[in-house]
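A short write-up of the structure that comes next.
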């Protein structure tokens with residue numbers, strides 16, 4: 134030990150000017166969650182397509198990535214419950230060999246809703262660098278499990294805010 138003090142660490146890291154500048158903007162957060170909310174609404178109504186289901190699954194993969202890669206809070210159990218609910222929905226929807234919309238049970242709806250709300254909370258407190266790190270982690274996790282990483286093309290004519298309002 135050389136007797137030097139540790140440099141002062143701010144107690145509330147989110148309030149430092151550098152961190153505030155690097156946070157995701159409200160529009161970026163809305164654009165990230167809008168398609169998942171549209172997919173969740175379709176799942177809740179029992180008319181979801183496989184692409185809408187995949188949008189919700191991608192959000193759950195990202196939420197799980199926040200818990201593993203960034204080690205935020207102890208909410209991983211809630212996210213895993215939502216992932217299990219989505220797996221069960223897919224199993225029921227693919228029983229005939231092709232996707233058929235199925236009714237979703239109330240507990241599955243609650244688990245998925247909780248997972249999306251947790252993801253929205255993580256987006257409010259993360260920086261862009263953390264978001265990119267989690268995105269890379271989630272893509273690698275899906276690819277290592279034998280899954281396919283899809284790029285969902287967002288149509289330019291539908292702004293994310295309009296989709297968000299339609300989903301609510």
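Numbering (this note's numbering), first residue to last: 134 to 301. Glycine included, each C-beta is placed from N, C-alpha and C at the ideal position. In this text the structure is predicted, and so the values were computed from the model without any measurement.
Per DSSP, cross-strand counterpart(s) of residue i
| i | result |
| --- | --- |
| residue 260 | 156 |
Reduced DSSP category for residue i - H, G, I as helix; E, B as strand; rest coil
| i | result |
| --- | --- |
| residue 290 | At residue 290, the pLDDT of 49 sits below 50, so the modelled position is not reliable; the number obtained from the coordinates is stated separately. Here residue 290 sits in coil by DSSP. |
| residue 194 | helix |
| residue 208 | coil |
| residue 161 | helix |
| residue 186 | helix |
| residue 267 | helix |
| residue 179 | coil |
| residue 248 | helix |
| residue 302 | Residue 302 is absent from the model: the chain starts at 134 and stops at 301. |
| residue 275 | helix |
| residue 281 | coil |
| residue 234 | coil |
| residue 229 | coil |
Residue of the options minimising C-alpha distance to residue i
| i | options | result |
| --- | --- | --- |
| residue 256 | 187, 203, 182, 186 | 203 |
| residue 218 | 201, 177, 207, 231 | 177 |
| residue 212 | 227, 192, 225, 223 | 192 |
| residue 237 | 168, 180, 272, 230 | 180 |
| residue 242 | 265, 175, 156 | 175 |
| residue 266 | 235, 170, 166, 194 | 194 |
| residue 254 | 155, 190, 200 | 200 |
| residue 206 | 228, 277, 252 | 252 |
| residue 155 | 260, 246, 164, 232 | 260 |
| residue 165 | 268, 276, 278, 277 | 268 |
| residue 239 | 163, 159, 247 | 247 |
| residue 161 | 276, 208, 231, 258 | 258 |
Cβ separation of residue i and residue j, assumed to be a contact under 8 Å, to the nearest whole Å
| i | j | result |
| --- | --- | --- |
| residue 168 | residue 188 | 4 Å |
| residue 244 | residue 226 | Between residue 226 and residue 244 the Cβ distance is about 17 Å, and since that is not below 8 Å, they are no contact. |
| residue 172 | residue 185 | 4 Å |
| residue 235 | residue 222 | 6 Å |
| residue 264 | residue 157 | 6 Å |
| residue 274 | residue 198 | 7 Å |
| residue 282 | residue 272 | 5 Å |
Residue i: CB within 7 Å of a non-hydrogen atom of the ligand HEM
| i | result |
| --- | --- |
| residue 163 | Of the ligands one can find in the structure shown there are none, so the ligand HEM has no counterpart to examine. |
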